[in-house]
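Here the sequence shown is numbered in this note's numbering, starting from 1 and rising by one per residue. To start, the structure under review is shown below, and the notes come after it.
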Amino acid sequence: MTDVVRRPPSGVPRAAWARLTLFQQTVYRAACDIPAGQTRSYRWVAERIGRPGAARAVGGALRRNPFAPIVPCHRVVRSDGTLGGYARGSARKRTLLQQEGWRDPADARIVPRRLPC
1 MTDVVRRPPS GVPRAAWARL TLFQQTVYRA ACDIPAGQTR SYRWVAERIG RPGAARAVGG
61 ALRRNPFAPI VPCHRVVRSD GTLGGYARGS ARKRTLLQQE GWRDPADARI VPRRLPC
């Protein structure tokens, strides 16, 4: 996997990618694996890269992501499903996700059915 990680995602300059730590490259690659319109937790990313328990470190790496939205850190959310932070603001994070087809579970409304008397 190291060879794949060391290659930058499409649209990311090779020289800039080379300046990242291997941990950052691995985290950013995992973020790139999240399909558009879907989200995963910081914990999921940590487990995906073989570092369970490193969710905070994953968050730190994503907070410093210089390639957003090419490296889609906006697709990574808190374990409870809430959006969490985003360098460009949580409203921008929500907008990016919605543009990809994401639907906020908090927006689901229960429509009461009329019960028979």
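Every residue, glycine too, gets a C-beta built ideally from N, C-alpha and C. Bear in mind the structure is a predicted one, so any value in this text is a computation, not a measurement.
- Within the stretch 16-55, no run of beta strand (DSSP E) at least 3 residues long lies entirely inside it.
- Between residue 12 and residue 70, the CB-CB gap stays under 9 Å.
- A direct Cα-to-Cα measurement between residue 78 and residue 41 gives close to 5 Å.
- For residue 12, the secondary structure class from DSSP, reduced to helix, strand or coil, is coil.
- No Cβ-Cβ contact shorter than 9 Å links residue 54 with residue 28.
- Boundaries of the alpha helix (DSSP H) harbouring residue 95: 90-99, taken from the DSSP string.
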